[in-house]
Amino acid sequence: MVVSTSVDLLMADTDTTSTAQSNANGMTEPTHLLKQAEIPGKGVLLGWLRQMLLIREFEVRTMQAYQNRLIGGFCHIYIGQEAVAVGTIAAVNPDDPVVLAYRDHGHALARGMDPKNCMAEMFGRIGGCAKGKGGSMHMFDADHYLYGGHGIVSAQTPLGTGLAFATKYEDEVISGGKSSHVTLCYLGDGALNQGCFYEAMNLASLLDLPVIFVLENNRYSMGTAIERGTSMAHDLRLKSEAHDINHAIIDGKNVLSTYRDFKGIADWCREESRPYFVEAQTYRYKGHSMSDPRKYRTKEEENSEEANDCIATLEEFLVEEHDVTKDAFKQLTRQVKTQVRQAVEWAKKSPETPMEEMYKDVFTDCWGPYTGTSKPDMLEEGGLD
Amino acid sequence: MKVTTKERVIEFRDALREAMCEEMRNDERVFLLGEEVAQYNGAYKVSKGMLEEFGARRVIDTPISESGFSGMSIGAAMRGLRPIVEFMSWSFSLVAADPILNNAAKMLYMSGGQFGCPIVFRGNDGAGGQLASTHSWCVESLYANVPGIKMAIPYDAYDAKGLLKTAIQDDNPVFFLESERLLSTKCHVPTEEYTVPFGKALVRRSGEDCTIISFGRPLHFCLEAAEELAKEGIDCEVIDGRTIRPLDIDSMVESVKKTNACVVVDQSWSFASVGSEIASQIHAQCFDDLDNHVHRVHSDDVPTPYAYNLEQAYLPNTRKVCEAVRQATYNS
Chain A
1 MVVSTSVDLL MADTDTTSTA QSNANGMTEP THLLKQAEIP GKGVLLGWLR
51 QMLLIREFEV RTMQAYQNRL IGGFCHIYIG QEAVAVGTIA AVNPDDPVVL
101 AYRDHGHALA RGMDPKNCMA EMFGRIGGCA KGKGGSMHMF DADHYLYGGH
151 GIVSAQTPLG TGLAFATKYE DEVISGGKSS HVTLCYLGDG ALNQGCFYEA
201 MNLASLLDLP VIFVLENNRY SMGTAIERGT SMAHDLRLKS EAHDINHAII
251 DGKNVLSTYR DFKGIADWCR EESRPYFVEA QTYRYKGHSM SDPRKYRTKE
301 EENSEEANDC IATLEEFLVE EHDVTKDAFK QLTRQVKTQV RQAVEWAKKS
351 PETPMEEMYK DVFTDCWGPY TGTSKPDMLE EGGLD
Chain B
1 MKVTTKERVI EFRDALREAM CEEMRNDERV FLLGEEVAQY NGAYKVSKGM
51 LEEFGARRVI DTPISESGFS GMSIGAAMRG LRPIVEFMSW SFSLVAADPI
101 LNNAAKMLYM SGGQFGCPIV FRGNDGAGGQ LASTHSWCVE SLYANVPGIK
151 MAIPYDAYDA KGLLKTAIQD DNPVFFLESE RLLSTKCHVP TEEYTVPFGK
201 ALVRRSGEDC TIISFGRPLH FCLEAAEELA KEGIDCEVID GRTIRPLDID
251 SMVESVKKTN ACVVVDQSWS FASVGSEIAS QIHAQCFDDL DNHVHRVHSD
301 DVPTPYAYNL EQAYLPNTRK VCEAVRQATY NS
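Heads up: the sequence lines are chains A and B, in that order. Here the first sequence is numbered in my numbering, starting from 1 and rising by one per residue. Here the second sequence is numbered in my numbering, starting from 1 and rising by one per residue.
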């Protein structure tokens with residue numbers, strides 16, 4: 001098969017203004033020049049395939065663990081959208097900040113978090129990435145520059161702007177050099193209707209911040225189809241153009257074109273120190289959360305979307321272009337199944353978060369429980385360590 | 001011949017500026033951001049001249065966009081920068097409630113200790129004078145309920161500078177509540193650098209008969225009331241709590257054990273307030289020492305009225321403090 005992309009970013013037009021035009025298909029083409037990335041070789045692609053398989057298997061076992069009541073609270077499954085996390089994260093550097101919403105397991109794994117810590121977090125165990133204090137919606141990993149999943153819709157968009165502000169400030173004001181980072185700030189289509197997203201875009205544009213707002217448009221915010229919740233849903237470029245921010249649409253179900261298009265955008269943002277608004281068109285196969293019976297969409301729609309699956313598409317490409325055998329896929333699948341099974345076992349064995357953790361991390365200094373009857377909070381120095 | 005050096009006396013607003021400038025000179029991770037802080041020199045001239053010294057990269061004008069710039073600053077603080085965010089009024093912080101309460105206050109906890117939030121939110125709190133209800137918020141009781149934040153309320157220029165420096169150096173989010181009515185007040189502020197620690201109350205007047213506890217602007221009325229009551233033979237001890245979180249309840253308890261009477265003056269509304277919290281703790285710890293229950297003076301339980309006479313009647317004042325002390329000490 002041929003790698004298809006919904007937007008041809010390699011345009012002869014060298015106009016660097018940020019205006020964009022819709023093409024005949026209603027897609028938006030930025031009119032500044034973006035360098036198109038090469039599709040990497042077989043080894044890298046197999047790595048991507050492995051990541052996508054890992055995320056999918058991880059989510060299958062997450063659902064199982066949730067049903068077995070090993071996971072509590074709200075839990076949002078990423079199956080169907082794997083190509084977005086894998087393709088976009090592959091396009092940036094390991095020390096570029098990433099911040100996202102609550103459907104966050106896939107990005108955490110794509111970013112390099114060990115599935116053991118991710119699973120243990122959901123189990124509410126001390127081995128979790130946040131020691132069991134955040135749960136499914138709040139994956140934080142400082143070692144991998146992952147600044148959290150965030151549970152309040154769109155709350156992460158000003159944070160992403162702030163992370164980009166910080167890298168630029170560090171690079172330019174403190175180090176006296178050139179801004180050299182780009183922040184990935186993911187949001188769902190539900191976040192399009194929150195005011196703070198527009199405040200975040202306005203500030204990012206005014207302050208020339210290198211942040212990419214990656215909209216994962218899976219067409220539903222919980223049970224509300226995008227057309228029912230978002231005006232101009234058919235032409236979202238207007239949302240960012242109003243802030244002088246470039247917009248592009250990428251095929252979020254194809255990791256190859258996602259990477260190829262996104263890499264050019266990320267490089268441009270890094271170089272120009274400007275924001276971008278990227279709409280990755282995708283679909284979540286499962287419900288909004290574990291309790292969603294999906295009565296707001298048809299089985300036919302789901303079947304047709306699942307027929308165009310990101311993992312199958314990449315496998316097809318590897319077979320046709322790199323002569324990878326079905327056996328190799330089976331072997332990869334076996335590997336990730338083992339890895340995820342081990343993660344679940346590890347998480348089960350991880351001790352419950354100890355009671356003294358309840359009182360840690362409220363403040364950086366050593367404050368204890370607020371009893372209301374004594375001098376609150378301030379315990380002996382080191383009293384809880 | 002005796003040489004006398006004249007004590008340096010400066011305004012509250014100048015003390016705030018000195019604190020910020022000193023910290024910005026000491027640490028380039030510190031920057032100031034907010035509405036009109038740079039080119040306009042600050043809506044209340046607190047940041048006057050700072051743009052000139054530090055440049056537009058570190059003294060940053062924002063649009064009127066509290067939710068956006070609060071969240072942005074919190075994101076920057078997660079990376080270890082140390083933003084000072086000026087709210088022109090804490091009344092406007094309400095549109096930023098999600099970032100300041102959900103993100104700043106909880107980031108360290110929710111990330112399992114990985115990402116802190118060394119940030120200061122500062123600005124005017126309380127009635128400025130006939131601004132009506134939406135612009136006259138006293139946010140202390142509302143926000144003191146949330147774990148994860150520290151909260152300071154300076155009363156004079158000396159504390160304004162010392163507490164603000166402590167706030168900026170703190171690795172945790174600090175809500176710093178100033179009063180428009182105090183910005184022009186003056187007192188001695190040394191030239192040398194100093195800080196005022198959090199969690200250490202100050203006895204602003206010693207006395208034997210009744211402890212009056214307050215924070216910020218209402219302390220003015222408490223001190224006036226103490227002078228008036230002294231003429232009636234009631235000797236009041238006035239305690240400036242300085243910070244609400246942490247709360248120096250030990251100093252308050254110690255004083256009440258001496259005076260056996262207590263009045264709390266809190267400019268926020270009475271229901272579920274800082275005042276009710278302190279009263280509850282004093283009752284618990286001084287149960288056998290109190291000659292009367294703790295009396296409280298608050299703003300009246302209505303939206304802040306615009307009309308001058310109504311607003312004056314609504315706010316805590318010297319007369320109300322005097323009446324409360326007389327009642328608490330059975331002198332009414």
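The beta-carbon is built from N, C-alpha and C at its ideal position, and this holds for glycine as well.
| Query | Result |
| --- | --- |
| Can you tell me the Cα-Cα spacing of I250 (chain A) and Y158 (chain B), whole angstroms? | 57 angstroms |
| Pull up the CB-CB distance for A130 (chain A) and S111 (chain B), whole angstroms please, since I reckon it's below 8 angstroms. | 5 angstroms |
| Suppose only complete runs of 3+ residues qualify. What are the beta strand (DSSP E) ranges in the region 271-328 of chain B, listed by chain order? | 295-299 |
| Compare the Cα-Cα distances from E11 (chain B) to each of B:L142, B:E178, B:A56 and report the closest residue. | B:E178 |
| Which partner residues of D141 (chain A) appear in the DSSP bridge assignment? | A:L146 |
| With a threshold of 16 other CB atoms inside 10 Å of the CB of Y143 (chain B), please say whether the residue is buried or exposed. | buried |
| Are the region 231-247 of chain A and the region 170-183 of chain A touching by the rule of at least three beta carbon pairs closer than 8 angstroms? | no |
| For a contact defined as C-beta to C-beta under 9 angstroms, what are the partners of C129 (chain A) on chain B? | S111, G112, Q114 |
| Counting beta carbon pairs with one atom in the region 165-175 of chain A and one in the region 116-136 of chain A, are three or more of them shorter than 8 angstroms? | no |
| Any beta carbon from chain A within less than 9 angstroms of M20 (chain B)'s own beta carbon? | no |
| Would you call the CB atoms of E23 (chain B) and K200 (chain B) closer than 9 angstroms? | no |
| Give a yes or no on whether the C-beta atoms belonging to G241 (chain B) and V196 (chain B) are separated by under 9 angstroms. | no |
| Once DSSP output is grouped into helix, strand and coil, what is the label at D14 (chain B)? | helix |
| Please specify which runs of the beta strand (DSSP E), each continuous and at least 3 residues long, are wholly inside the region 145-221 of chain B, giving them in chain order. | 150-152, 174-178, 186-188, 202-205, 210-214 |
| Starting from T243 (chain B) and walking both ways along the beta strand (DSSP E), at which residues does that stretch end? | 243-245 |
| Any idea if G34 (chain B) is buried or exposed, counting beta-carbon neighbours within 10 angstroms, 16 or more meaning buried? | buried |
| Rounded to a whole number of angstroms, what is the C-alpha to C-alpha distance between R319 (chain B) and T191 (chain B)? | 37 angstroms |
| For a contact meaning CB atoms closer than 7 angstroms, what does C196 (chain A) contact in chain B? | S67, G68, G71 |
| For Q281 (chain A), which residues does DSSP report across the bridge? | A:N217, A:D251 |
| Would you kindly work out how many angstroms separate the C-alpha atoms of P316 (chain B) and V265 (chain B), rounded to a whole number? | 7 angstroms |
| Measuring only between beta-carbons, confirm whether V92 (chain A) sits less than 9 angstroms from chain B. | no |
| Given that F233 (chain B) touches chain A, what residues does it touch there, using C-beta distances under 7 angstroms? | It is Gly, not Phe, that sits at residue 233 (chain B) in the sequence shown. Here the premise fails: no neighbours, minimum Cβ distance about 33 angstroms. |
| Under 6 angstroms Cβ to Cβ from H322 (chain A), same chain only, skipping five residues before and after it: list those, please. | K42 |
| In this structure, how does DSSP classify P83 (chain B) when only helix, strand and coil are distinguished? | strand |
| Taking the alpha helix (DSSP H) that F329 (chain A) falls in, what are its first and last residues? | 326-349 |
| How many angstroms separate the CA atom of E28 (chain B) from the CA atom of S251 (chain B)? | 36 angstroms |
| For P158 (chain A), decide whether its Cβ has a neighbour in chain B, counting only Cβ atoms nearer than 9 angstroms. | yes |
| Output, in chain order, the set of chain B residues within a Cβ distance shorter than 8 angstroms of I174 (chain A). | E28, R29 |
| Counting only beta-carbon separations shorter than 9 angstroms, does D171 (chain B) have a partner in chain A? | yes |
| Would you report the Cα separation of T157 (chain A) and M222 (chain A), rounded to the nearest angstrom? | 19 angstroms |
| Could you tell me whether the Cβ of D171 (chain A) comes closer than 9 angstroms to any Cβ of chain B? | no |
| Could you check how far apart the C-beta atoms of D288 (chain B) and V256 (chain B) are, in whole angstroms? I think they sit under 8 angstroms. | Their Cβ separation, rounded to whole angstroms, is 11 angstroms, which puts D288 (chain B) and V256 (chain B) out of contact at 8 angstroms. |
| Going by DSSP, name the residue or residues bridged to I311 (chain A). | According to DSSP, which records beta bridges pairwise, I311 (chain A) is partnered with nothing at all. |
| Any chance the CB of A164 (chain A) is under 8 angstroms from a heavy atom of the ligand COA? | Ligands displayed in this structure: none; no statement on the ligand COA is therefore possible. |
| State whether the region 253-265 of chain A contacts the region 88-97 of chain A, with contact taken as three or more CB pairs (one from each stretch) at a distance under 8 angstroms. | yes |
| Closer than 7 angstroms by beta-carbon distance: list the chain A residues that pair up with D98 (chain B), in chain order. | I152, A155 |
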